[in-house]
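Participant: Structure incoming, see below.
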Amino acid sequence: DGGITQSPKYLFRKEGQNVTLSCEQNLNHDAMYWYRQDPGQGLRLIYYSQIVNDFQKGDIAEGYSVSREKKESFPLTVTSAQKNPTAFYLCASNGQGVEKLFFGSGTQLSVL
Amino acid sequence: AQTVTQSQPEMSVQEAETVTLSCTYDTSESDYYLFWYKQPPSRQMILVIRQEAYKQQNATENRFSVNFQKAAKSFSLKISDSQLGDAAMYFCAYRSAHYQGGSEKLVFGKGTKLTVNP
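The structure is reproduced here in structure tokens:
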């Protein structure tokens, strides 16, 4: 079945540690997105990529980094510079000309 | 920049009754798309309904319908015959119809938590 797979489902970060969230899609979509969800804040865009080897900052990119080496994969690294990383992270994708976003099942990141 | 406002943090409805969730948005564009997404306790985002701004007819999907008022920049969601499974967070979202290097991204409201009482 086609879809978006995010892993892990739960992730814990220690002080000063970088952690990487995985996002893989087999929908052959060009565009991929990372959103952060905090209680009462809705979804906010962190980074997005419309094509391999290219990506742009979203509204809250500070403390995060991404790569897009393959069409299927768009990993998000939460760096030690992100001082408040506890949140629910959602990965999404869509194909060109397709308005609907497809979402993964999310990763809950917490700080130890 | 576009903004989306959901003025009702929480709403409740009795099972089998009708409820309307409000959404307003701000944009200077004339062509765009509007969406309602549902996020149940599983936290999976589910598309409920979408509306193209150029269409005057309000979108409908089974028990879900919208009231799209373009001039007022209003996009409310009506849920008829509410069911227990409708309990969720509901997010209104906006997307430009023009490809301008990232304009495909969705702008979300902060959400409305809907409780359905048996």
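Just so you know, the sequences run in chain order A and B.
One gets our numbering by counting positions in the first sequence from 1 and adding 11 to each.
One gets our numbering by counting positions in the second sequence from 1 and adding 413 to each.
Glycine included, each C-beta is placed from N, C-alpha and C at the ideal position.
Under the assumption that V461 of chain B contacts N471 of chain B (Cβ atoms under 8 Å), give the Cβ distance between them as a whole number of angstroms.
Facilitator: Not quite, the Cβ-Cβ distance comes to about 14 Å (not below 8 Å), so this is no contact.
Participant: With distances taken Cα to Cα, identify the nearest neighbour of C102 of chain A among B:L519, B:V417, B:A414.
Facilitator: Minimum Cα distance to C102 of chain A is reached at B:L519.
Participant: Closest by CA to K94 of chain A, which one among A:Q17, A:G106, A:S18, A:K25?
Facilitator: Minimum Cα distance to K94 of chain A is reached at A:K25.
Participant: Return no unless some Cβ of chain A is closer than 8 Å to the Cβ of L490 of chain B.
Facilitator: No, its Cβ sits nowhere closer than 8 Å to a Cβ of chain A.
Participant: Answer with buried or exposed for L434 of chain B, where buried requires no fewer than 16 other C-beta atoms within 10 angstroms of its C-beta.
Facilitator: Counting Cβ neighbours within 10 Å, L434 of chain B comes out buried, since at least 16 surround it.
Participant: Kindly say whether Q457 of chain B, judged by its beta-carbon, lies nearer than 8 Å to any beta-carbon of chain C.
Facilitator: The structure shown has no chain C; the protein chains it does contain are A and B.
Participant: Which value, in whole angstroms, describes the spacing of the CA atoms of L38 of chain A and V77 of chain A?
Facilitator: So the two alpha carbons sit approximately 20 Å from each other.
Participant: Starting from the Cα of S509 of chain B, find the closest Cα among B:Q427, B:E423, B:E442 and give me that residue.
Facilitator: The option with the nearest alpha carbon to S509 of chain B is B:E442.
Participant: Would K81 of chain A be called buried (16 or more neighbouring beta carbons within 10 Å of its own) or exposed?
Facilitator: That one is exposed.
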